[in-house]
Amino acid sequence: MKRFIAFIAIALLPLGAAAHGPSPQKVEKSVTIKAEPAKVWALVKDFGNMQKWHPAVTNTKLEKKGNDTFRTLTLKDGGTIYEKLRSIDEEGMQLKYEIVEGAIPVADYYSVMTVKPGPAAGESTVTWMGRFYRVYKLNPPIPAGQDDESALKAVNGIYDAGLANLKKVSEGQK
Amino acid sequence: MALPCWADGYAYITNQGSNDVSVIDLKNNRVLVNVPVGKSPVGVAASSKLSRVFISNVDGQSISVIDSTTHKMISETPIDGSPVGLVLSPDHTRLYVADWFEDRILELDTKNMALLRQVKVEKAPAGMAVSPDGKRLYVANRDSNDVAIIDTQDFHVSSRVAVGKHPFGIAIDEAGDWLYVVNVQENSLTAISLENNKTFTIAVGEHPYCAAVSPDGRVVYVSNTQGDSISVIDMQHMQVVKTIAVGGFPEGINYDKSTHQVYVANWFDNSVSVINALTHQLVATIPTGTQSRAFGQFIAEEAH
Chain A
58 MKRFIAFIAI ALLPLGAAAH GPSPQKVEKS VTIKAEPAKV WALVKDFGNM QKWHPAVTNT
118 KLEKKGNDTF RTLTLKDGGT IYEKLRSIDE EGMQLKYEIV EGAIPVADYY SVMTVKPGPA
178 AGESTVTWMG RFYRVYKLNP PIPAGQDDES ALKAVNGIYD AGLANLKKVS EGQK
Chain B
334 MALPCWADGY AYITNQGSND VSVIDLKNNR VLVNVPVGKS PVGVAASSKL SRVFISNVDG
394 QSISVIDSTT HKMISETPID GSPVGLVLSP DHTRLYVADW FEDRILELDT KNMALLRQVK
454 VEKAPAGMAV SPDGKRLYVA NRDSNDVAII DTQDFHVSSR VAVGKHPFGI AIDEAGDWLY
514 VVNVQENSLT AISLENNKTF TIAVGEHPYC AAVSPDGRVV YVSNTQGDSI SVIDMQHMQV
574 VKTIAVGGFP EGINYDKSTH QVYVANWFDN SVSVINALTH QLVATIPTGT QSRAFGQFIA
634 EEAH
């Protein structure tokens, strides 16, 4: 998680879906939790309360603008991330959202979280997937901190820390 | 009715994540071989006439050439920019390359990969298509929300047509009457009637990327990356008549004339979905390399 917090130092980056490079990156992580899917899904789909399970988030502010729902995540080291909810599929236990702007070195970030029952009875498997681009929008040479590696490191850190703690919270430890 | 399966055709699927190209034998829908190419291959233009497949390596900043008789890479040409979109002239003597970051189109000689001419387009040129007579090159400008029409005689931009937000993929019908442009951030397709450049907008699925046209021009298929689906558009009524579920994040899409099947690369699932164009049913899923994109003309057909 230290690696993730290090990137908060980068000033608020406008990550509006205006422009990005041509090579999207992908991160996909999974965790098996010893808790019923309904209990885990209740935490995941609660778009306005990410601080309940993600250790880097101290506060979540939900807002509605017309038909759209947004949230502002306040991070432990002071940065913020502004995200837009894309969909909640109750039957498929799937949440989709995107980052509008925020203190992570990524562009055009889109993410899907899915909760599935199993593998064993009473267990759940959570998959967190992200598709995004690096920050730097021109040809190489790429400045440090704005390359694909920085983007991947940041997202991997967020997912690893998040899923590990989601497991703890769901299983009743914390 | 049995479908004629007499073509010795192959599909060349660029795998951005595994830096190789999966060669699919269309007779049995199996991967014959994975050909290593440059770094982050995305664009593809396959020529059965030349027995060559051209691949754009986005992060490698180069064009790989695959010999389709041996299925081996025979050259890698550096490009001083970020080549993404590729398209061949109708006679396959010219390869047009869209340089995403430098906002220009390069014209290469397919015999020796020499750079012949270049033209500036604005901004972030992505997908391309060529008129059947080779005289006009159409380019989707992703960041200026328009299509540039390039006159290939003197290689200059002769006109621009405004389309929707963030156009990426582009396709032209066989007759050269209609151009189809996919607007990623508007969830729509712009159909341009090329005789007068009149535009029509058709709503499709979520975050669409690419399009393919049936040989008779009646049906257009659009890949919806965030909907994990294909929108099937009836062009006589200009509306979606079916949505077919495919793999995760479908992107590059081509219509295979010999078997009447539609092939689409699934970036997230690392696979290719195959759709029967007569029944619009999913008939096969082929595992390929990682982060498959297949952006461009990836099916080369060699009819007997």
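So the sequences go chain by chain: A and B. The opening residue of the first sequence carries number 58 in our numbering; numbering runs sequentially from there. The opening residue of the second sequence carries number 334 in our numbering; numbering runs sequentially from there. In this text, a Cβ means the ideal position worked out from N, Cα and C, and glycines have one as well.
Under the rule that a run must span 3 or more residues, the beta strand (DSSP E) segments found entirely inside the segment 384-433 of chain B read 385-390, 395-400, 405-411, 416-421, 427-432.
Excluding the 5 residues flanking it on each side, VAL97(A) has same chain C-beta neighbours closer than 8 Å at ILE90, VAL172, SER181, VAL183, LEU223, SER227, in chain order. With distances taken between CA atoms, ASN124(A) lies nearest to SER144(A) out of SER144(A), GLY105(A), THR117(A). Those residues of the segment 398-431 of chain B placed with their C-beta closer than 7 Å to a C-beta in chain A are GLY414, SER415, VAL417, ordered along the chain. Per DSSP, ALA201(A) lies in no alpha helix (DSSP H) segment and is marked neither H nor E.
The segment 449-489 of chain B is shown to contain whole beta strand (DSSP E) runs of 3 or more residues at 458-463, 469-474, 479-484, in chain order.
For ASN116(A), no CB of chain B lies under 7 Å from its own CB, so it is not counted at the interface with that chain. VAL537(B) is the residue among LEU428(B), GLY560(B), VAL537(B) whose C-alpha sits nearest the C-alpha of VAL553(B). Taking THR592(B) as reference, the option from ILE407(B), PRO548(B), SER351(B) with the minimal CA-CA separation is PRO548(B). Approximately 5 Å separates the beta-carbon atoms of ILE632(B) and ASN587(B); this is inside 8 Å, confirming the contact. Secondary structure at SER227(A): helix, using DSSP grouped into helix, strand and coil. The C-beta separation of VAL430(B) from LEU421(B) comes to about 11 Å, leaving the pair out of contact by the 8 Å criterion. For LEU100(A), there is no enclosing beta strand (DSSP E); the enclosing alpha helix (DSSP H) has its first and last residue at 94-102.
Among the residues facing chain A, TRP511(B) is not included, as its CB has no counterpart in that chain under 7 Å away.
Between the alpha carbons of SER492(B) and TYR471(B) lies a distance of about 10 Å. Under the 7 Å criterion on CB atoms, PRO162(A) is classed as non-interfacial with respect to chain B. Residues of chain B whose Cβ lies closer than 8 Å to the Cβ of ASN222(A) do not exist; the shortest such Cβ separation is about 25 Å. Burial check for ASP353(B): the Cβ neighbour count within 10 Å reaches 16 or more, so the residue is buried.
Interface annotation, SER351(B): not in contact with chain A, CB-CB separation never under 7 Å.
According to the DSSP assignment, TRP185(A) belongs to the beta strand (DSSP E) that extends over 181-190. Contact of PHE434(B) with chain A by beta-carbon distance below 7 Å involves LEU195, ASN196. Shortest Cα-Cα distance from ILE503(B) to any of LEU383(B), ALA544(B), SER526(B), THR534(B) involves ALA544(B). Against PRO79(A), the close residues of chain B are VAL375, VAL391, SER415, VAL417, TRP433, in the order they occur along the chain (beta-carbon pairs closer than 7 Å). At the C-beta level, LEU615(B) and SER606(B) come within 7 Å of one another.
Here ASP205(A) is buried, its C-beta having at least 16 other C-beta atoms within 10 Å. Contact annotation for GLN624(B) against chain A: LYS83 [CB-CB distance below 7 Å, chain order]. Straight through space, the alpha carbons of HIS540(B) and GLY460(B) are spaced by roughly 15 Å.
Proximity of chain B to TYR154(A) at the Cβ level (cut-off 8 Å) is not reached, the minimal Cβ distance being about 11 Å.
Between the segment 391-403 of chain B and the segment 449-463 of chain B there are fewer than three inter-stretch CB-CB distances shorter than 8 Å, so the stretches are not counted as touching. Annotation for TRP511(B): the continuous beta strand (DSSP E) segment containing it runs 511-516. Taking C-beta atoms as the reference points, LEU428(B) and PHE387(B) count as a pair closer than 7 Å. For the segment 164-197 of chain A, the beta-carbon criterion of a distance under 8 Å to any beta-carbon of chain B is satisfied by TYR167, MET186, ARG188, LYS194, LEU195, ASN196, PRO197.
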